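Undergrad: Encoded as structure tokens, here's the structure I'll be asking about.
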Amino acid sequence: MKVRRAISTAVAVIIAVIITAAVVGGIAYYAALVTAPAPTPVTKTVTVTQTVTKTVTASPSPSPTTTPTKPKPVIKEVLIGLVEPLTGAHAVFGQEAKMAAELMVDIINKELGGIKSLGGAKLKLVVEDCGESPETGKLAAEKLVSQYHPPIMVGAYISRITAGVAEVTEREKVILVMDALVDELTEKGWKYVFRVAPKASAHGKSAADFVIDMAKKKGVKVESAVVMNEDSIFGRYVANGAVIELKKAGIKILDHLEYPYDISDATPLVSKVKELNPDIVISVPYFHDGVLIAKTVAQMGFKPMFIAGAGACGYTDPDSIKAAGKAVEWYTNTYSYNPARPTEWNKKVVSMFKERYGKLPTEAGGIIFYSMMVVKEALEKAGEMFPDDPLNPDHLREAFLALDLNDKNSIAAQLYPTGRIKFAPNGDNVYAGTAVLQVIKGEPRVVWPDAEPGLEPIFPRPDWPGK
Amino acid sequence: MVKPVALLGGKSALYSIIAIAIALALIPLVLGYNMYYVYLAAQVVLVTIMVLAWNIIGGYAGQLDLASSGYMALGGAVSGLLLAFYNVTPWLGMPLGALTAAGLAFLMGYPTFRFGVKEVWYALSTAALVVILQRVFWLIYGSTEIYMPIHRWSWYHLRFSRYEPLYYMLVVILLVTLWLNIRIKNSKLGYYLTAIGEDELAAEALGIDTRRYKLYALLIYASILGFVGGIYVNLTSIVSFRMFDPWLGIVVAVMGIIGGLGSIAGVFMAAVILRTLEEYLRSMFGATIPGIHLLIYGLLLIVVGVLKPEGFAGFLKYFRRRLARGGSGG
Numbered sequence: 329m330k331v332r333r334a335i336s337t338a339v340a341v342i343i344a345v346i347i348t349a350a351v352v353g354g355i356a357y358y359a360a361l362v363t364a365p366a367p368t369p370v371t372k373t374v375t376v377t378q379t380v381t382k383t384v385t386a387s388p389s390p391s392p393t394t395t396p397t398k399p400k401p402v403i404k405e406v407l408i409g410l411v412e413p414l415t416g417a418h419a420v421f422g423q424e425a426k427m428a429a430e431l432m433v434d435i436i437n438k439e440l441g442g443i444k445s446l447g448g449a450k451l452k453l454v455v456e457d458c459g460e461s462p463e464t465g466k467l468a469a470e471k472l473v474s475q476y477h478p479p480i481m482v483g484a485y486i487s488r489i490t491a492g493v494a495e496v497t498e499r500e501k502v503i504l505v506m507d508a509l510v511d512e513l514t515e516k517g518w519k520y521v522f523r524v525a526p527k528a529s530a531h532g533k534s535a536a537d538f539v540i541d542m543a544k545k546k547g548v549k550v551e552s553a554v555v556m557n558e559d560s561i562f563g564r565y566v567a568n569g570a571v572i573e574l575k576k577a578g579i580k581i582l583d584h585l586e587y588p589y590d591i592s593d594a595t596p597l598v599s600k601v602k603e604l605n606p607d608i609v610i611s612v613p614y615f616h617d618g619v620l621i622a623k624t625v626a627q628m629g630f631k632p633m634f635i636a637g638a639g640a641c642g643y644t645d646p647d648s649i650k651a652a653g654k655a656v657e658w659y660t661n662t663y664s665y666n667p668a669r670p671t672e673w674n675k676k677v678v679s680m681f682k683e684r685y686g687k688l689p690t691e692a693g694g695i696i697f698y699s700m701m702v703v704k705e706a707l708e709k710a711g712e713m714f715p716d717d718p719l720n721p722d723h724l725r726e727a728f729l730a731l732d733l734n735d736k737n738s739i740a741a742q743l744y745p746t747g748r749i750k751f752a753p754n755g756d757n758v759y760a761g762t763a764v765l766q767v768i769k770g771e772p773r774v775v776w777p778d779a780e781p782g783l784e785p786i787f788p789r790p791d792w793p794g795k
Numbered sequence: 015m016v017k018p019v020a021l022l023g024g025k026s027a028l029y030s031i032i033a034i035a036i037a038l039a040l041i042p043l044v045l046g047y048n049m050y051y052v053y054l055a056a057q058v059v060l061v062t063i064m065v066l067a068w069n070i071i072g073g074y075a076g077q078l079d080l081a082s083s084g085y086m087a088l089g090g091a092v093s094g095l096l097l098a099f100y101n102v103t104p105w106l107g108m109p110l111g112a113l114t115a116a117g118l119a120f121l122m123g124y125p126t127f128r129f130g131v132k133e134v135w136y137a138l139s140t141a142a143l144v145v146i147l148q149r150v151f152w153l154i155y156g157s158t159e160i161y162m163p164i165h166r167w168s169w170y171h172l173r174f175s176r177y178e179p180l181y182y183m184l185v186v187i188l189l190v191t192l193w194l195n196i197r198i199k200n201s202k203l204g205y206y207l208t209a210i211g212e213d214e215l216a217a218e219a220l221g222i223d224t225r226r227y228k229l230y231a232l233l234i235y236a237s238i239l240g241f242v243g244g245i246y247v248n249l250t251s252i253v254s255f256r257m258f259d260p261w262l263g264i265v266v267a268v269m270g271i272i273g274g275l276g277s278i279a280g281v282f283m284a285a286v287i288l289r290t291l292e293e294y295l296r297s298m299f300g301a302t303i304p305g306i307h308l309l310i311y312g313l314l315l316i317v318v319g320v321l322k323p324e325g326f327a328g329f330l331k332y333f334r335r336r337l338a339r340g341g342s343g344g
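Quick note, the sequences are listed as chains D and C, same order. Heads up: the first sequence runs through residues 329 to 795, numbered per our numbering. Heads up: the second sequence runs through residues 15 to 344, numbered per our numbering.
As structure tokens, then:
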């Protein structure tokens, strides 16, 4: 009896709750729909100070039908949202990205006089920490959007967090300039995302291109290759990029090997590669595995024509060189940013970064350098193309797509490894490419595509016995 | 919060649930349908469900279970992968997820209880379970991240461009979990579990089939989490091996303990307050002084732990006593 009564009250409660929820939810949705045309009341915090000044002068209005010319908005400040992992496991990258972004905003506002086509509007950075999970990433993005609704956001370095952020920006029609490299992010049909940085497969492609280019220059013939990678989503994409490029060049892939990134003994792996005896090896290491592989290769006396790394970690970073010593001599790796690129602005930005923070910029900071500068140049373009409403998301998108940047006409391109930036409709840079660093006499040096002055890549490996 | 004290009693439980239901139903309205706050509210409700579910095994039965995130992620993976790969609706995926989680809980619970794995060793084995699940998922799907399909408003896929629908679904699950907590507390199962939690040997000596009732508690706990996993996955729209997060399992247990083991109102308050506070600190200080929010959060946990070892429930009792005395004296 008692149990039955309890169940019926419980059922009553649940029904009551569902009804309340449905009613309130319905009202909620209706209210949201009604207020939809104007961004939801709470998110309406004024982002761009639009003091409307009536210019009655004959402004070049594209619409000839309306005689009273639209008032041209005067924009004093453009907010740029920055979402980076400032805490947690990836904080090192996020912190450097934030430093780089702050530096770039200062350069744009002070040295370049803001956005000229918008009447010298200044950029203002609003920063949010996205932690280390997709949940906090989404929370951070929602918060930035609801508090400031910036027209453009930059972030979030880690691909799974970026995916969460992109869902929010896509819904809110905020342009997201991504500094995360996993290929999939630009393959989901998102309309408002752009990525200047070379995606993962572009890293693999660059490693392959480097080897093919060098072989041609040195007059040696590469016939076969083995590609191997640590088994992370990033490593796999990088390796696939290399495989596709090598196949295109008619090089035979003897095997594509995957191993766990925390591998503790590389002997079986290396002996398998040695048995296959390829001309070249393209390897996508994490950190520790790279050290192991290099040491094992040296121990087993495996002497291929060349071993090229790809994917921006392992082999050529100072810690790996310290740990592996002589074993990583002549190894290369690909990077999304080339701190040694000898262009006027690149030298300037690197020296300013060094002066302000006392260290050299790495991958995370470098990507932000050119991403922020592309944002600036896209805003310039938007101001020229759509003087009446430059910050409209669709106008911004068109401005990004209209960019065709090279060393001569753009600062952003000067900061970019290949020196060219142009976006495909999916948001990827058509001319994406990386820089290649090589360990020469125990030092990581930039050797390709623009070598440091007076430096030549060492290819093939000097200990290669030849064919 | 509307008189959570009342939750401690059995009679007014109904009114409390209704009050909480109305309060939670009105929250999005009060927050002006601001997406950030609604998303945050959904996160808070989600954690509260986890902690309340944990309360059944951890609070009542006194088993320090650290696998809550494992069961939730498993249910989420089942529902999410079915949706992503086979376009199966989560309405089917979520019960399946609950069933899978319960199945795993049985496989886990039966031998551990049979062979008397207790206390620290039980905690260790449950913590290991999360790691094992994570590795198994990693072996099957690698580190690939699986994204949920994008729909602007689809009840079939449970994919929305706003968070309110999922929030209300979570609220319903929360109320069911709350009601289950109350029901169990005032039932034979609850008394048995409390006895087991107090002293397992004594309970066994009294003739309680401790193995069976512990298993019941574990199954209920795992099914709730497995069910809610489907919503969790749709909320974050991503399935990856990182969902099997050992740290989250510990956080849930810590919240349950801080709330006061077995006290529904205390546990409820602890989850709501701590999760909201955590996010508040993150958004306040995360960008300016990175890491300080973790420090403050940790300090708060220590302060509560030292001042009131019996948790939030201790505070509640204290206030109730003061109220009973007419607010005078201490």
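Cβ coordinates follow ideal geometry from the N, Cα and C atoms, glycine included. These numbers come from a predicted model, not from an experiment.
Between the Cα of residue 632/D and those of 768/D, 579/D, 485/D and 602/D, spot the shortest distance and give me the residue it belongs to.
TA: Nearest option by C-alpha distance: 602/D.
Undergrad: When you compare only the Cα positions, how much space is there between residue 738/D and residue 446/D?
TA: If you take the alpha carbons of residue 738/D and residue 446/D, they lie about 18 Å apart.
Undergrad: Would you mind sorting residue 627/D into buried or exposed? The rule is 16 or more other CB atoms within 10 Å of its CB.
TA: Exposed is the call here.
Undergrad: Short of 7 Å in beta carbon distance, which residues of its chain neighbour residue 485/D, apart from the five on each side in sequence? Order them along the chain.
TA: The residues are 412, 413, 418, 421, 422, 425, 507, 508 and 692.
Undergrad: For the beta strand (DSSP E) that residue 764/D lies in, which residues bound it at each end?
TA: Start and end: 763 to 768.
Undergrad: What is the residue span of the beta strand (DSSP E) that residue 746/D lies within?
TA: Looking at the DSSP string, residue 746/D is not in any beta strand (DSSP E), and its letter there is neither H nor E.
Undergrad: Taking the alpha-carbon of residue 638/D as reference, which of 615/D, 624/D, 647/D and 630/D has the nearest alpha-carbon?
TA: Per the Cα distances, 615/D.
Undergrad: Which of the three DSSP states, helix, strand or coil, is assigned to residue 15/C?
TA: Residue placement at residue 15/C is flagged as unreliable, the pLDDT there being 41, under the threshold of 50; a coordinate-derived value is accordingly withheld.
Undergrad: Do you know how far the Cα of residue 70/C is from the Cα of residue 78/C?
TA: Taking the straight line from one Cα to the other gives about 11 Å.
Undergrad: Assign residue 643/D to one of three DSSP states: helix, strand, or coil.
TA: Residue 643/D: coil per DSSP, three-state reduction.
Undergrad: Just confirm the distance between the C-beta atoms of residue 493/D and residue 458/D, as a whole number of angstroms; I'd bet it's less than 8 Å.
TA: That pair is a contact at about 7 Å.
Undergrad: Would you call the region 240 to 253 of chain C in contact with the region 181 to 200 of chain C, where contact means no fewer than 3 C-beta pairs closer than 8 Å?
TA: In short, these stretches touch, since the Cβ pair count reaches three.
Undergrad: Please compile the residues from chain C whose C-beta is within a distance smaller than 7 Å of the C-beta of residue 646/D.
TA: Those within 7 Å of residue 646/D in chain C number zero; the least Cβ separation is about 24 Å.
Undergrad: Do the CB positions of residue 85/C and residue 239/C come within less than 9 Å of each other?
TA: Cβ distance < 9 Å, so residue 85/C and residue 239/C count as in contact.
Undergrad: When every heavy atom of the ligand GDP is checked, does at least one fall within less than 8 Å of the C-beta of residue 499/D?
TA: This structure lacks the ligand GDP, and indeed carries no ligand of any kind.
Undergrad: Where residue 236/C and residue 712/D are concerned, what is the direct C-alpha to C-alpha distance, given to the nearest angstrom?
TA: For residue 236/C and residue 712/D, the distance between alpha carbons rounds to 59 Å.
Undergrad: Name, please, each residue of chain D whose Cβ falls closer than 7 Å to the Cβ of residue 355/C.
TA: This structure leaves residue 355/C out entirely; chain C is present only between 15 and 344.
Undergrad: Mind reading off the beta-carbon distance from residue 688/D to residue 667/D? Whole number of angstroms is fine, and I expect it under 8 Å.
TA: Sure, about 6 Å apart at Cβ, within 8 Å.
Undergrad: Which bits of chain A does residue 252/C rub up against, with CB to CB less than 8 Å?
TA: Of the chains in the structure shown, none is chain A; the protein chains are D and C.
Undergrad: Within the continuous alpha helix (DSSP H) that includes residue 624/D, where are the two ends?
TA: That run of the alpha helix (DSSP H) goes 616 to 628.
Undergrad: Does any CB atom of chain D fall closer than 9 Å to the CB of residue 307/C?
TA: It does: the Cβ of residue 307/C has a partner Cβ on chain D nearer than 9 Å.
Undergrad: Is DSSP giving residue 738/D helix, strand or coil here?
TA: Here residue 738/D sits in coil by DSSP.
Undergrad: Under 9 Å between C-beta atoms, does residue 794/D make it to chain C?
TA: It does not: the Cβ of residue 794/D has no partner Cβ on chain C nearer than 9 Å.
Undergrad: Could you pull the start and end residues of the alpha helix (DSSP H) that residue 214/C belongs to?
TA: Residues 214 to 219.
Undergrad: Count the other CB atoms, across all protein chains shown, that sit within 10 Å of the CB of residue 216/C; report buried if there are 16 or more and exposed otherwise.
TA: Its Cβ having fewer than 16 others within 10 Å, residue 216/C is exposed.
Undergrad: Give the interface partners of residue 53/C over in chain D, defined as CB-CB distance under 8 Å, in chain order.
TA: Residues of chain D passing the Cβ test: 466, 467 and 470.
Undergrad: Only counting the same chain, and skipping five residues up and downstream in sequence, which positions put a Cβ closer than 7 Å to that of residue 623/D?
TA: Hits under 7 Å: 652 and 655.
Undergrad: What does residue 57/C reach in chain D if we use C-beta pairs closer than 8 Å?
TA: Ordered by position in chain D, the residues that pass the 8 Å Cβ test against residue 57/C are 463 and 467.
Undergrad: According to the neighbour-count rule (16 or more other Cβ atoms, all chains shown, within 10 Å of its Cβ), is residue 527/D buried or exposed?
TA: By the 10 Å Cβ count, residue 527/D comes out buried.
Undergrad: At the level of alpha carbons, what is the spacing between residue 383/D and residue 42/C?
TA: Low per-residue confidence applies at residue 383/D: pLDDT is 40, beneath 50, and the placement is therefore not dependable, though the value from the model is reported in the following sentence. So the alpha carbons of these two residues sit roughly 43 Å apart.
Undergrad: Give me the chain D residues within the contact set of residue 175/C, using Cβ-Cβ distance strictly less than 7 Å, ordered along the chain.
TA: Here the neighbours are 499.
Undergrad: With a Cβ-Cβ cutoff of 9 Å, do residue 698/D and residue 749/D count as a contact?
TA: Yes, the pair counts as a contact, with Cβ atoms nearer than the cut-off.
Undergrad: Mark residue 442/D as exposed unless 16 or more other C-beta atoms lie within 10 angstroms of its C-beta, in which case mark it buried.
TA: The residue in question, residue 442/D, is buried, as its Cβ has 16 or more Cβ neighbours within 10 Å.
Undergrad: Here's the rule: buried if 16 or more other CB atoms are within 10 angstroms of the residue's CB, otherwise exposed. What is residue 333/C?
TA: Flag for residue 333/C reads exposed.
Undergrad: Give me, in chain order, the residues of the same chain whose beta-carbon lies closer than 7 Å to that of residue 379/D; leave out the 5 immediate sequence neighbours on both sides.
TA: Confidence is the limiting factor: at residue 379/D the pLDDT is only 44, short of 50, which leaves the residue's position unreliable, though a coordinate-based value still follows. Result list for residue 379/D: 402, in chain order.
Undergrad: Cα separation between residue 453/D and residue 327/C?
TA: In a straight line, the C-alpha of residue 453/D is about 44 Å away from that of residue 327/C.
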